[in-house]
Amino acid sequence: MDHIALFGALIVVIGLSSSEVQASDPELTVDFAAPPGIDGSFFRSVRLENVTIDSPYLATVTPINQFSFPALFGLGISSALVQYPAGALDVPHTHPRGTELLFLIEGSLDVGIVDTTGKLFTASINPGDLYVFPKGLVHFQINRGETLAKAVVSFSSSNPGTVKLPINLFKTDIPDYVLMKSFGVGKAVLTSLKNAEVS
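Residues in the sequence shown are numbered from 3 upward in steps of one, following my numbering.
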């Protein structure tokens, strides 16, 4: 009986260790996912033509993903055009499902990453520079220059997600007492943070 129990335990351990956890985009088993009857135009997007800037204070992000460009479905990638007017900020945020690679094509930016130990890494970048923001880490970009900055960003996921900290903390229904205790602030400061215009 002991041999049978040991054999059974071994089978369970092998089964558990060989089971896969799908934590990223699913792998395609065909060249690409497309409806029948497509031609070359299916692989082209005009999403970035005539892009406007939404705010003079915040970065304007124009996403290019499987929802706006169906040819990307199943490929495990996405992209965006980000425009930063002079003085504009892309608020501290994370992408829980994808690493971001930023390619600066115009202007200059100050960028920063905060790792899981709380260490801040910053740099000033210029046209032609690439900067990587690892998946899930808090990061930001700010245009401290006097002219427009533009960047093309790519993600290692078809849907990297975006968690903008000011919105997710102060524009949701987290109880005030939780936020006041978390940040060590009083009601007046918290009310000011909640009333701030952020997007």
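Every residue, glycine too, gets a C-beta built ideally from N, C-alpha and C.
Between the CA atoms of residue j and residue i - distance to the nearest angstrom
i	j	result
PRO58	ALA90	6 Å
ALA73	HIS97	22 Å
PHE172	PHE185	12 Å
GLN24	ILE40	For GLN24, the pLDDT reaches just 48, beneath the cut-off of 50, and the residue's location in the model is therefore unreliable, although a value from the coordinates is still provided. One C-alpha to the other measures close to 30 Å.
ILE176	GLU51	39 Å
PRO87	VAL48	23 Å
ILE169	VAL93	9 Å
ASN2	PHE142	Outside the displayed range of the chain (3 to 201) lies residue 2, so it cannot be described from this structure.
SER80	GLN68	7 Å
GLY114	VAL140	8 Å
HIS95	VAL53	23 Å
LEU181	SER43	50 Å
Beta-carbon spacing of residue i, residue j below 7 Å
i	j	result
ALA153	LEU192	no
VAL32	ALA61	no
THR149	GLY109	yes
ALA102	PHE45	Checking the sequence, you will find Glu at residue 102 rather than Ala. Not a contact, by the Cβ cut-off of 7 Å.
For residue i, the residue or residues it bridges with in DSSP
i	result
PHE105	LEU132, VAL154
LEU83	THR64, VAL154
LEU91	LEU60, ILE144
ALA96	For the sequence presented, residue 96 should be read as Thr rather than Ala. The partner list for THR96 (beta bridge, DSSP) reads VAL165.
Integer-rounded CB distance, given that residue j should sit under 8 Å from residue i
i	j	result
ALA35	PHE75	5 Å
VAL155	ALA82	5 Å
Please give me, in chain order, every unbroken run of the beta strand (DSSP E) with length at least 3 that falls completely inside the stretch 114 to 146.
122 to 127, 132 to 135, 140 to 144
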